[in-house]
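Below: the structure, in structure tokens.
There are 2 protein chains.
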Amino acid sequence: MKKYQGYFIDLDGTVYKGKDRIPAAARFIRRLQAAHKTILFVTNNSTRQPSFVADNLAHNHDIHVSADNVYTSALATADYLDGIAGDRRKVYIVGESGLAAALQAKHFELTNDDEEVQPDYVVVGLDTNTNYHKLEQAVLDIRAGARFIGTNGDSNLPNERGMTPGAGSLVKLVEYATQKKPLMVGKPQTTIMKMALQKCHLSVDDVLMVGDNYHTDIEAGINVGMDTLLVYTGLSKPADVKREKVQPTYTVESLDEWSVQ
Amino acid sequence: MKKYQGYFIDLDGTVYKGKDRIPAAARFIRRLQAAHKTILFVTNNSTRQPSFVADNLAHNHDIHVSADNVYTSALATADYLDGIAGDRRKVYIVGESGLAAALQAKHFELTNDDEEVQPDYVVVGLDTNTNYHKLEQAVLDIRAGARFIGTNGDSNLPNERGMTPGAGSLVKLVEYATQKKPLMVGKPQTTIMKMALQKCHLSVDDVLMVGDNYHTDIEAGINVGMDTLLVYTGLSKPADVKREKVQPTYTVESLDEWSVQ
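Keeping their order, the protein sequence lines are chains A and B. For the first sequence, counting from 1, position 163 maps to 163 in the working numbering; every step adds exactly one. For the second sequence, counting from 1, position 33 maps to 294 in the working numbering; every step adds exactly one.
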């Protein structure tokens, strides 16, 4: 097994299952911390701020990291836009506080749906308070020339009600109504991975991507040329993964099986 | 030119343009009325009730017909479901009053998003007051077994703000979040055409489909085996239509050119 300096790690299905703990994951994180590895939780969830995610890990899952160890698709979107925007800093968002805070921290100005200001970018992420009027505004702004960005393509979000619509479902609405393809930031796209590497000052060969979902976590690693570790504690099942053309670099049933070099 | 007993006629782009009149269309309708033809305005718009559509035609476009001459995708949805539902009559809708009224007139019971009643069908149409919670309910109901129906697939609705999201855009969100294909009722699908023929007691050979949009009106006629008349007062342009494999039966620049046999 190769020695990795950094670990990019998915959250739901990998280090916890909804509200349930995965004790092997907590042990895995402690071993990484003892070995002074760079740890970054890379998550498609754009709705919550990193400090909230870190608090949840500490209080409910006995995983003790700082907000700086959490990298959301919202942060990746803000970092990506910050790199290309120059003085084009007006953004209209469909999204929650995590996305708004990430963009504002990078000095973007959020336009709203009541004023006649044409934004430079429209970012669509999950917003469980969204409505027709907000989505209409996103569509009109993109049709008027704003560049269309999607935080992540997840079709669903598992919660206590069931498989509710994810960010990708809102993106699909806007895509169909604008007939424009968005730039997608989250896994399995490479933007979030490149921005995460930049944040950690690591190169792709130094990092292992760890996750439970072949089609987001593992494909994100494959797409960016990063080694991958699939753990079968979440969504993907061995029989399904075996049918994939490109296999994960490593697979384990539990993160206890992984020996940190 | 063949003699047709009935005329199915599109509305926007064909008999009016938004708020603007198309005088040749009003003359065309009067000639059809003088010749005692069966007239049915066949529209994908599910939001308004037929009486409202007839009033608008009378007051703003000098076209005088009864509500019975208007056939919306909402009425077609209700007629279609009435034919297959038996005693499975619980329906959850994303839609406005036109859709609700059409289903209630056929004795369907509308479920709402506050109660724990599993509907037999979920119908998604345009609803400019919709929100995440209502769309989430549609997704959960379909995932729990309700059959998924879309009133129409229009990506956009032209209005004073621009090209706002149409029913088809809401359908796409639900389709992506459920990974289920809906049965689509409106043009260019054949369900609305078959239901309209049933309503008029006419066979497909007796009717001419008249419209301005190749991809909805004309394709609906082609798909059901009905002759078609494309009028170039709306969306489709001659150069685009010439590239289509299947041509309209007839094309005119203005409905004044059409001689009623």
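Idealized CB from N, CA, C, for every residue including glycine. What you are looking at is a predicted structure, and each value in this text was computed from that prediction instead of being measured.
Please list the terminal residues of the continuous beta strand (DSSP E) segment that includes GLY411 of chain B. 408-411
By how many angstroms is the C-alpha of GLY98 of chain A removed from the C-alpha of ALA74 of chain A? 6 Å
Going by beta-carbon coordinates alone, are LEU229 of chain A and LEU208 of chain A separated by less than 8 Å? Cβ atoms of LEU229 of chain A and LEU208 of chain A: closer than 8 Å.
Nearest-angstrom Cα distance between ALA346 of chain B and GLY423 of chain B? 38 Å
Sorted by chain position, which residues of the same chain lie with C-beta nearer than 7 Å to SER155 of chain A's C-beta, five sequence neighbours on each side aside? GLY166, GLY168 and SER169
What residues in the segment 422-448 of chain B bring their beta carbon closer than 9 Å to a beta carbon of chain A? Within the segment 422-448 of chain B, the qualifying residues are ARG422, GLY423, MET424, THR425, PRO426, GLY427, GLY429, SER430, LEU431, VAL432, LYS433, LEU434, VAL435, GLU436, TYR437, ALA438, THR439 and GLN440.
Contact list for ARG349 of chain B against chain A, beta-carbon separation under 7 Å: Near ARG349 of chain B there are no residues of chain A at all, since even the closest Cβ is about 21 Å away, more than 7 Å.
So which of A:TYR4, A:LYS3, A:LYS37 and A:ASP12 has the shortest CA-CA distance to THR217 of chain A? Contrary to the premise, residue 217 of chain A reads as Asp rather than Thr in this sequence. Considering only alpha carbons, the answer is A:ASP12.
Cβ-based burial, VAL432 of chain B [other Cβ within 10 Å; buried from 16]: buried
Spatial neighbours of ASN413 of chain B in its chain, beta-carbon cut-off 6 Å, leaving aside the 5 residues before and after: ASN305, SER334, ALA428 and GLY447
GLY98 of chain A - DSSP class collapsed to helix/strand/coil: In this structure, GLY98 of chain A counts as helix in the three-state DSSP scheme.
Measuring alpha carbon to alpha carbon, tell me which residue in B:ASN330, B:ARG291 and B:ALA361 is nearest ARG309 of chain B. For the residues B:ASN330, B:ARG291 and B:ALA361, the minimum Cα distance to ARG309 of chain B belongs to B:ALA361.
Would DSSP call PHE8 of chain A helix, strand or coil? strand
Can you give me the C-alpha to C-alpha distance between PHE61 of chain A and GLY211 of chain A, rounded to a whole angstrom? Strictly speaking, residue 61 of chain A in this sequence is His, with Phe absent from that position. Rounded to the nearest angstrom, the two C-alpha atoms are 17 Å apart.
Proximity of PRO50 of chain A and ALA25 of chain A at Cβ, strictly below 8 Å: Result no, Cβ atoms of PRO50 of chain A and ALA25 of chain A do not sit closer than 8 Å.
Mind listing the chain B neighbours of LEU140 of chain A? Cutoff is C-beta to C-beta under 8 Å, in chain order. Chain-order list of chain B residues neighbouring LEU140 of chain A: ARG422, GLY423, MET424 and THR425, by C-beta distance under 8 Å.
Rounded separation between VAL507 of chain B and ILE483 of chain B - CA only: 8 Å
Mind checking which residues open and close the alpha helix (DSSP H) that includes ASN417 of chain B? Careful: ASN417 of chain B lies outside any alpha helix (DSSP H), inside the beta strand (DSSP E) at 417-420.
Thinking C-alpha only, which one of B:PRO419, B:ALA366 and B:LYS351 is nearest ILE528 of chain B? Residue coverage of chain B in this structure runs from 262 to 522, which leaves residue 528 of chain B outside it and unanswerable.
Does any residue of chain A have a CB that is nearer than 8 Å to the CB of ARG404 of chain B? yes
For ALA457 of chain B versus ALA337 of chain B, is the C-beta distance shorter than 8 Å? Cβ atoms of ALA457 of chain B and ALA337 of chain B: closer than 8 Å.
So with CB distances below 8 Å, who are the chain A contacts of GLU397 of chain B? Chain A residues near GLU397 of chain B: THR128, ARG161, THR164 and PRO165.
Would TYR92 of chain A pass as an interface residue toward chain B - the criterion being a Cβ-Cβ separation below 8 Å? no
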